[in-house]
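Numbering (this note's numbering), first residue to last: 19 to 508.
Heads up, the beta-carbon is just placed ideally off N, CA and C, and yes, glycines get one too.
In structure tokens:
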């Protein structure tokens, strides 16, 4: 067979390989039991807490996130495809663990291969060796590739807290701050209020800590006074402490948790970038429930946000509220730096046709500076968080059509009305968005917007470099080194 540069053919070849690897994974899972499930559940805890105690450096934190993503996927796969007893009778099998993790790494590398062919200008499949070839020199000379990598740095930096694991206290406080003003909507959808929900989590966590205290002698401990993650019996002992009866959880708490229970019918083994376990982390084991606090605290905000947004009865009201809430955050940042609200929701017309509204007009009289703002409060797609060039490209095209075109049209109308070609009209977003790298409009995250307000003469590139400070070149180097999506990996 001859080599091919047809990207659709190469992608189809990779997807076919992934399906073969999934068949291998299923055979391995058939040999697994609840012991291997417990291994991955406990490993998420050990990965986080041991890393925190060591004071892991940025490279280690990125690797920690990659490990946890693999463990989450395997938890979902084991729950969906595995058949096992409710109680463990042995330690996890290290050979099975290694086979599971390595197989998922292989599958993920082929997904990254799909990323490659969408990121680089040219790709070639050598049908003899079954290798994908790309021109790595594009990392330095291809402007689009460079912009995608810079965007990935912004994502990684801004979402580090969200992608990593947090303390229970930090997570619950952030949840309360984010959703307390939507308590009426939360109560409608979850059949329980936010305060009782958070208090229940604290209560269950306290019960867990009591168990740990009583069973402390069951664990082997390292010289650093950490649970020894190399002792596989520790994974079993730890995971057993996470199992609670319905009586221990309480009926009112269970009603809310129902939205968080993992459903095997919804698990898609072909989707490695979207962790269903992250959205639905509570595991039903017979009549009992397994509550991993590391999984739960990572899902609280995301699960609640999408549950409220997708609810037919209150979804639209929730969307309007979070939009208004985001605008208030922008105003709060601006006020700290001497700006006031000059106008809000200013409607613009071309003749009798309304062409939209300016969300905010901020003014700093001391420096004679006025800013028109389009506020965009959107969560990033899971595949964008995973640096998927295909999805990022699709998102870029959508933003150019839906955001850039409309804002430029409104800016043109404002310019004509006031006869001033220096109208400053920018887009402020909840998270970093790819459009900023490909537009002459400023498109900044809320945090980057604050950097901009401190020096409004900076260009987009200068704002990004200033915001991420002197670490930016090192982060670019780290990204290129650690993320396999920029390497030929098949």
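Point to revise | Where residue 112 falls, given that 16 or more other Cβ within 10 Å makes a residue buried | key: Exposed, because fewer than 16 other Cβ atoms sit within 10 Å of the Cβ of residue 112.
Review point. For residue 215, which residues from the same chain have a beta carbon less than 6 angstroms from its beta carbon, with the 5 sequence-adjacent residues on both sides left out?
Key: The residues are 274.
Practice item. Could you check which residue in 144, 62, 50, 90 has the C-alpha nearest to that of residue 101? Key: Distance from the Cα of residue 101 is smallest, within the candidate group 144, 62, 50, 90, for 50.
Review point. Run through DSSP, which three-state label would residue 208 get?
Key: Helix at residue 208.
Exercise for review: Quick one: residues in its chain with C-beta nearer than 7 angstroms to the C-beta of residue 28, no 5 flanking neighbours on either side, listed in chain order?
Suggested key: Excluding sequence positions up to five before and after residue 28, its CB lies within less than 7 angstroms of the CB of 22, 135, 141, 143, 150, all in the same chain and listed in chain order.
Review point. Quick one, which of 457, 472, 192 has its alpha-carbon nearest residue 162's?
Key: Check the Cα spacing between residue 162 and each of 457, 472, 192: the tightest is with 457.
Point to revise | Nearest to residue 304 (by Cα), restricted to the options 52, 32, 386 | key: Considering only alpha carbons, the answer is 52.
Practice item. Helix, strand or coil for residue 249, going by three-state DSSP, please let me know. Key: Annotated three-state conformation of residue 249 is coil, per DSSP.
Check your understanding: In the structure shown, what three-state DSSP assignment does residue 531 receive?
Key -> Any answer about residue 531 is impossible in this case: the structure gives the chain only from 19 up to 508.
Review point. On the three-state DSSP scale, how would you describe residue 24?
Key: Here residue 24 sits in coil by DSSP.
**Study point:** residue 490 versus residue 483 - alpha carbon distance
**Key:** Annotation note: pLDDT 49 at residue 490 (below 50); position unreliable, coordinate value reported separately. Just so you know, the alpha carbons of residue 490 and residue 483 end up roughly 6 angstroms apart.
Review point. Is residue 387 helix, strand or coil when you go by DSSP?
Key: Strand at residue 387.
Review point. Can you list, in chain order, the residues of its chain whose CB lies under 8 angstroms from that of residue 449, leaving out five sequence neighbours each side?
Key: Spatial neighbours of residue 449 in its own chain (CB-CB distance under 8 angstroms, excluding positions within 5 residues in sequence) are listed in chain order as 173, 176, 177, 396, 397, 398, 463.
Check your understanding: Using a C-beta cutoff of 8 angstroms, does residue 97 count as contacting chain D?
Key -> Here there is only one protein chain, and chain D is not present.
Review point. Between the Cα of residue 36 and the Cα atoms of 406, 198, 287, 114, which residue gives the shortest distance?
Key: The shortest Cα separation from residue 36 among 406, 198, 287, 114 belongs to 287.
Exercise for review: Check the DSSP bridge columns for residue 445 and list the partner residues they point to.
Suggested key: Looking at the DSSP assignment, residue 445 forms a beta bridge with 392, 461.
Practice item. Ignore the nearest five residues each way along the sequence and tell me which others in residue 197's own chain have a CB closer than 7 angstroms to its CB. Key: Excluding sequence neighbours, residue 197 sits near 204, 212, 322.
Check your understanding: Given 8 angstroms as the limit, is there contact between the stretch 37-48 and the stretch 218-238, that is, 3 or more CB pairs closer than that?
Key -> Contact between the stretch 37-48 and the stretch 218-238 is absent: fewer than three C-beta pairs spanning the two stretches fall below 8 angstroms.
**Study point:** Continuous alpha helix (DSSP H) stretch holding residue 175: start and end
**Key:** Here the alpha helix (DSSP H) through residue 175 covers 161-176.
Check your understanding: Using a Cβ-Cβ cut-off of 8 angstroms (strictly less than) and excluding sequence neighbours within five positions of residue 62, which residues of its own chain qualify?
Key -> If we look at residue 62 and ignore the five residues flanking it on each side, its Cβ neighbours are 86, 89, 90, 183, 310, 312, 313.
Practice item. Would you mind stating whether residue 390 and residue 442 have Cβ atoms separated by less than 8 angstroms? Key: Yes.
Review point. Considering only residues of the same chain and omitting the five flanking positions on each side of residue 202, which have a CB-CB separation below 7 angstroms?
Key: If you ignore the 5 residues before and after residue 202, its C-beta comes within less than 7 angstroms of no other C-beta in its own chain.
Exercise for review: Taking only runs that begin and end inside the stretch 228-280, name each unbroken alpha helix (DSSP H) of 4 or more residues, in chain order.
Suggested key: Correct list: 250-258, 264-267, 269-275.
Check your understanding: For the 8 angstroms Cβ check, are there 3 or more pairs between the stretch 278-286 and the stretch 257-266?
Key -> The answer is no - the stretch 257-266 does not touch the stretch 278-286, with fewer than three Cβ pairs under 8 angstroms.
Check your understanding: Hey, would you say residue 352 sits closer than 8 angstroms to residue 471, going by beta carbons?
Key -> Contact: yes.
Point to revise | Distance between beta carbons of residue 255 and residue 246, contact taken as under 8 angstroms | key: No, residue 246 and residue 255 are not in contact; Cβ-Cβ is about 11 angstroms, not under 8 angstroms.
Check your understanding: Mind pulling the beta strand (DSSP E) runs of 3 or more residues that sit fully within the stretch 302-365?
Key -> Taking 3 residues as the minimum length, the beta strand (DSSP E) runs contained wholly in the stretch 302-365 are 306-308, in order along the chain.
Practice item. Under the assumption that residue 43 contacts residue 121 (Cβ atoms under 8 angstroms), give the Cβ distance between them as a whole number of angstroms. Key: Correct: roughly 5 angstroms between the Cβ atoms.
Check your understanding: Given residue 124, which residues of its chain have a CB within under 8 angstroms of its CB, disregarding the five upstream and five downstream residues?
Key -> So the qualifying residues of the chain are 39.
Exercise for review: Measure the CB-CB distance between residue 199 and residue 114 and report whether it falls below 8 angstroms.
Suggested key: No. Outside cutoff.
Review point. So, is residue 369 buried or exposed, given that buried needs 16 or more other C-beta atoms within 10 angstroms?
Key: Burial call: exposed.
Exercise for review: Would you kindly work out how many angstroms separate the C-alpha atoms of residue 46 and residue 58, rounded to a whole number?
Suggested key: The C-alpha of residue 46 lies about 15 angstroms from the C-alpha of residue 58.
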